[in-house]
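Residue numbers (our numbering), protein chains in the order written: chain A, 1363 to 1808; chain B, 1363 to 1808.
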């Protein structure tokens, strides 16, 4: 059995904590049984590895690679989509990766799961049931369905032929019915479609080969845009002749909006926040270094990050997407494989010169790429830690208070000896896509 | 006639827009008839100078001097209290200043006004009535009282002997009666005490001389702490034998809390703010450079500044003081005579080394003092404008992208040629009171 976790989405509905780079699954807002705050991707990965030794591969886009490595470690196995094209291309690419790169047998069960459902451990115990159903040839595709707790109008329903066995053939799929119809479906044993698919690798490889034939992963990868930009449900599952389903009866939540996310958060605010006693059912998360005080608020969520500040009635907050979508905002913080940064200041002068001031945290042993920039100068000032700063092939030990000003075109890099923080000021006509060149670094102190 | 404006207060009730240095009167949140946003001190000064040519002196504390000059100009006449001691010492000090420094005649009328009432222009037209009453010797002290609009429990009441004339003798003063008693007072013609006092300079000089005798302003100033730390009302007015009052019948508001302040603000948010249409009676002010989105809020105020973020029900917001009081926060932004700065970042390392990153705006022609610091280094990076940076007596022209790193003990200064912005990073064991020395600067380019 191999596991493929799909990590996608941009999560504008959880603005300002999520952005283009930090999708909702990376927000550290839920608590483990050990009372530690973790992200959804950390929670799901922890739950998965607790119940199975199966190899896990995460299918994701390039923009999420650094966040995933930062949260799960460098050793996690990744399939990086050459571009974002929905779940059908992402799943077939993962199959090709397992087949060609990991030499998996065609007979092996592959189970595809979304990376961000909030579930109890029983959800993951069902993977063995799915595996057995696939190996028993119960159907080409075996789905997991969630036993509905109310006639929701916003989910897809899987309607089984019967509810007699553990594994039942699927009769049909229905998307987002009205509540009355949903009630009828539920009385017939219908389950919510939670995006969990299981099949033999051979089944998927046939799908791959129907579009692209090749003998190497790179051949499939290079033809990624030949695969239709559509969902796996639509492209495959709903058209398949042999589909079965197993039922999961336990907690399952899609934490896609502030309203649902705050349901699983405890009441303690996160960050530097005072919520006064006269507030009711109000959640606050503050990732800024300035205090937040919330007084006399009912049923509200307050969220502050370097990207912005949201103050919203919980129900209204689900409409946030349209207000955020139009704004073309650069992310004000990012996790990177070497650590993280946040933007402290951004300015554009009358003459078009721009400046960007960042605070960067580089973890001990990590390095920022050795590079030069054509159109901007940079000033790096160490504010804590010990690092080696290399400028034009000369390496220097640097400590709090040390500054290196790097002109346009000058090669520079930094390797953190201990955890290091710097303030970096970029000044130039063009700060992004400015002709950055990367170089091999020799940062041995002379 | 001479005017003395009292500018005091720290304004914790309007946190996070007001702080120790920026009292409520400096907040730019009210609109002039010309639809320009101005502060209360700017509004009152503008209204005053429109109706009278009388010389205006502002009595204030050292911490407010730079804000006042920044908002009203360098030429404003100031009496700076050697320490904060309440209105009685502040008013007698102002009298000594007018008498000794400005050579005012003893017979001249002095009218003392608070700097922050929100009133219509008719309020200032009353000054001539007060002047005439003083010159006619109607009483030793002539007060202005505001005709009450409701039986408030939070104001002081001036009860006149009668309501027959424009100027009526005062019978007694009553502080904060209950509503029923207030109603009785109002039926007897009582007025709200709005802190406006008029008298001849001689009357005040007698008060000065009863505590300190001297022939120079500096002698009075040096004995400032001999004057009791009490209000002018308590020390003088309530004990005086000859007090009269004139009535002002017009708009008068004390904008001391978010609840009252938002009453006079229009509904348009200030700064980068979206208030969605489903909000009711909600105000938002954002002084940060990141967006604020407010959704589904009723009767709330949202205020964000570099000091913090407040989200409050308007009525509850009047209790904010206790939540802010305990926090010993350094102000994260300040107006200075040369411009303004805000703190972008502050950090303390494990070994106790601190760092502080500021963005400073220096107005064309202004300079930052030429000085050195014993215990911290500084890095100045110009991000816009043209300036002259002097380091160890050598002056350099500097433009966007130029950086000067200044070690501990090294003299440095900056003069803005055009409006200039810099990012300044301080690193050291002690950032405040760190043995700063000031020097005479020669910033001629060699």
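Every residue gets a Cβ at the ideal spot worked out from N, C-alpha and C, and that includes glycine.
- Burial of residue 1782/B is indicated by the presence of at least 16 other C-beta atoms within 10 angstroms of its C-beta.
- When DSSP assignments are scanned along the region 1410 to 1483 of chain B, the uninterrupted stretches of beta strand (DSSP E) that are 3 or more residues long and fall wholly within it turn out to be 1417 to 1423, 1439 to 1443, 1471 to 1476 and 1479 to 1481.
- In its chain, beyond the 5 residues on either side, 1447, 1450, 1451, 1454 and 1573 have a beta carbon closer than 7 Å to the beta carbon of residue 1589/B.
- According to the DSSP secondary-structure assignment, residue 1555/A is paired through a beta bridge with 1507/A.
- Taking one beta carbon from each stretch, the region 1765 to 1773 of chain A and the region 1740 to 1749 of chain A have 3 or more pairs nearer than 8 Å; the two touch.
- The straight-line gap separating the alpha-carbon atoms of residue 1500/A and residue 1529/A is approximately 7 Å.
- Note on geometry: alpha-carbon atoms of residue 1707/B and residue 1772/B lie some 23 Å from one another.
- Interface with chain A (8 Å Cβ-Cβ cutoff): residue 1689/B is included.
- Between residue 1739/B and chain A, the shortest Cβ-Cβ separation is below 8 Å.
- Where residue 1580/B is concerned, the enclosing alpha helix (DSSP H) starts and stops at 1579 to 1584.
- The Cβ atoms of residue 1376/A and residue 1623/A sit closer than 8 Å to each other.
- Nearest neighbour of residue 1705/A by Cα position, chosen from 1651/B, 1709/B and 1724/B, turns out to be 1651/B.
- Closest in C-alpha terms to residue 1382/A, from the list 1791/A, 1424/A, 1552/A and 1678/A, comes 1424/A.
- For residue 1741/A, DSSP records a beta bridge to 1767/A and 1787/A.
- In chain order, 1638, 1640, 1657 and 1658 make up the part of chain A whose C-beta sits under 8 Å from the C-beta of residue 1678/B.
- For residue 1368/A, the secondary structure class from DSSP, reduced to helix, strand or coil, is strand.
- The beta carbon of residue 1783/A sits closer than 8 Å to some beta carbon of chain B.
- What residue 1754/B touches in chain A, judged by beta-carbon distance under 7 Å, is nothing: the nearest beta carbon there is about 17 Å away.
- Checking the DSSP bridge columns, you'll see residue 1776/B partnered with 1730/B and 1751/B.
- Relative to the Cα of residue 1723/A, the nearest Cα in the group 1421/B, 1709/B, 1758/B and 1734/B belongs to 1709/B.
- Taking a cut-off of 8 Å for Cβ pairs, the region 1399 to 1407 of chain A and the region 1497 to 1511 of chain A do not touch, as fewer than three such pairs fall below it.
- Nearest to residue 1474/A by alpha-carbon distance, out of 1461/A, 1465/A, 1506/A and 1483/A, is 1506/A.
- Taking residue 1603/B as the centre and dropping the five residues before and after it, the same chain places the C-beta of 1502 closer than 8 Å to its C-beta, in chain order.
- Annotated three-state conformation of residue 1535/B is strand, per DSSP.
- If you ignore the 5 residues before and after residue 1669/B, its C-beta comes within less than 6 Å of the C-beta of 1378, 1381 and 1694, all in its own chain and listed in chain order.
- Residue 1793/B is outside the set of residues whose beta carbon lies under 8 Å from a beta carbon in chain A.
- Residue 1674/A sits in a strand when the DSSP states are folded into three classes.
- For residue 1622/B, there is no enclosing beta strand (DSSP E); the enclosing alpha helix (DSSP H) has its first and last residue at 1620 to 1626.
- Note on geometry: alpha-carbon atoms of residue 1403/A and residue 1435/A lie some 12 Å from one another.
- When secondary structure is reduced to three states using DSSP, residue 1489/B falls in the helix class.
- At least one CB atom of chain B sits nearer than 8 Å to the CB of residue 1671/A.
- Of the residues assessed, residue 1577/B falls on the exposed side of the cut-off, its CB having fewer than 16 other CB atoms within 10 angstroms.
- Taking a contact to require three or more Cβ pairs closer than 8 Å, the region 1516 to 1523 of chain B and the region 1548 to 1567 of chain B qualify as touching.
- Annotated three-state conformation of residue 1542/B is helix, per DSSP.
- Cβ contact annotation for residue 1715/A (same chain, cutoff 8 Å, sequence separation greater than five): 1789, 1790 and 1791, in chain order.
- Pairing residue 1756/A with residue 1799/A, the inter-Cα distance amounts to about 18 Å.
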